[in-house]
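In the numbering used here, the protein residues as written are 6 to 229.
See structure below.
Written out as structure tokens, the structure reads:
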């Protein structure tokens, strides 16, 4: 499974649009303030969608959650490719945020579940570190390929179309992971109780001084 985990990270980081997305927005005659609003929409949507997507992963399985993540990404890429207006981009940003929310922490949990099943928990730092190395390799290759696409075609929109290819491959990859990596699936009837419990735990973080201090420090660092 190591090579499949590594393949996931490599393909996930083939974000051909990433180095050029601001230039793409500018080419569609968006102002910097409008671009800022779009980025804010994505970040806010990701935060708001973390909770429901986490419940989805627990209720329907991590593999389905990962597949939904890539489907959301691909839908956003299609909108970015075919449309050239602020409102369409806003919808695309929400879909992209949905993809992020479905994916965040899910794949790492699958790796840890695999190590637990195989009795290899003591190797989790080494194992996860090597899969992260594959992700970084993907980022390096991404920069070269994205530059080549834009240089050869002169078309920023094509980078979104090209990004669909590795994500389709990753859908097949993660969608065919062993079922035992899904974790404990909960019945839909228990989702309401789980939601209530999660909200209580979330609210409890703000009553814990140490946790609150960590949240504030992290927020200040990210915002600086």
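Idealized CB from N, CA, C, for every residue including glycine.
Predicted model, so just to flag it, every value in this text is computed and none were measured.
With distances taken from CA atoms, which of the options is nearest residue i?
i, options, result
"residue 84", "101, 69, 68", "101"
"residue 171", "151, 183, 32, 137", "151"
"residue 81", "13, 218, 164", "164"
"residue 113", "96, 142, 67", "67"
"residue 184", "127, 7, 65, 35", "65"
"residue 159", "88, 32, 59", "32"
"residue 39", "94, 54, 181", "94"
"residue 187", "35, 18, 118", "118"
"residue 59", "130, 109, 141, 182", "109"
What first and last residue would you give for the alpha helix (DSSP H) that runs through residue i?
i, result
"residue 179", "163–180"
"residue 48", "37–65"
"residue 147", "129–158"
"residue 245", "With the chain represented from 6 up to 229, any question about residue 245 goes unanswered, as that position is not in the structure."
"residue 30", "26–32"
"residue 19", "No alpha helix (DSSP H) holds residue 19; DSSP gives it neither H nor E."
Could you name the residues of the same chain whose beta carbon sits closer than 6 Å to that of residue i, not counting the 5 residues immediately before and after it, in chain order?
i, result
"residue 229", "For residue 229, the predicted structure reports a pLDDT of 46, less than 50, and the residue's modelled location is therefore unreliable. A value from the coordinates is still provided. Excluding positions up to five away in sequence, the list is empty."
"residue 98", "43, 46, 47"
"residue 11", "136, 139"
"residue 89", "33"
"residue 166", "86"
"residue 51", "102, 105, 106"
For residue i, name the three-state secondary structure that DSSP assigns.
i, result
"residue 113", "helix"
"residue 188", "coil"
"residue 228", "Annotation note: pLDDT 48 at residue 228 (below 50); position unreliable, coordinate value reported separately. It is helical."
Tell me which residues share the same chain as residue i and place their Cβ nearer than 8 Å to its Cβ, disregarding the 5 neighbours each side in the sequence.
i, result
"residue 16", "143, 171, 172, 174, 175, 178"
"residue 169", "79, 82, 83"
Excluding sequence positions up to five away, which residues of its chain have a Cβ less than 7 Å from the Cβ of residue i?
i, result
"residue 25", "151, 155, 161, 164"
"residue 122", "185"
"residue 20", "147, 168"
Would you check whether the ligand NAD has a heavy atom nearer than 7 Å to the C-beta of residue i?
i, result
"residue 81", "Of ligands this structure carries none, so the ligand NAD is not represented either."
Q: Write down every uninterrupted run of the beta strand (DSSP E) in the segment 64–105 whose length is 3 residues or greater and which is fully enclosed by it, in chain order.
A: none
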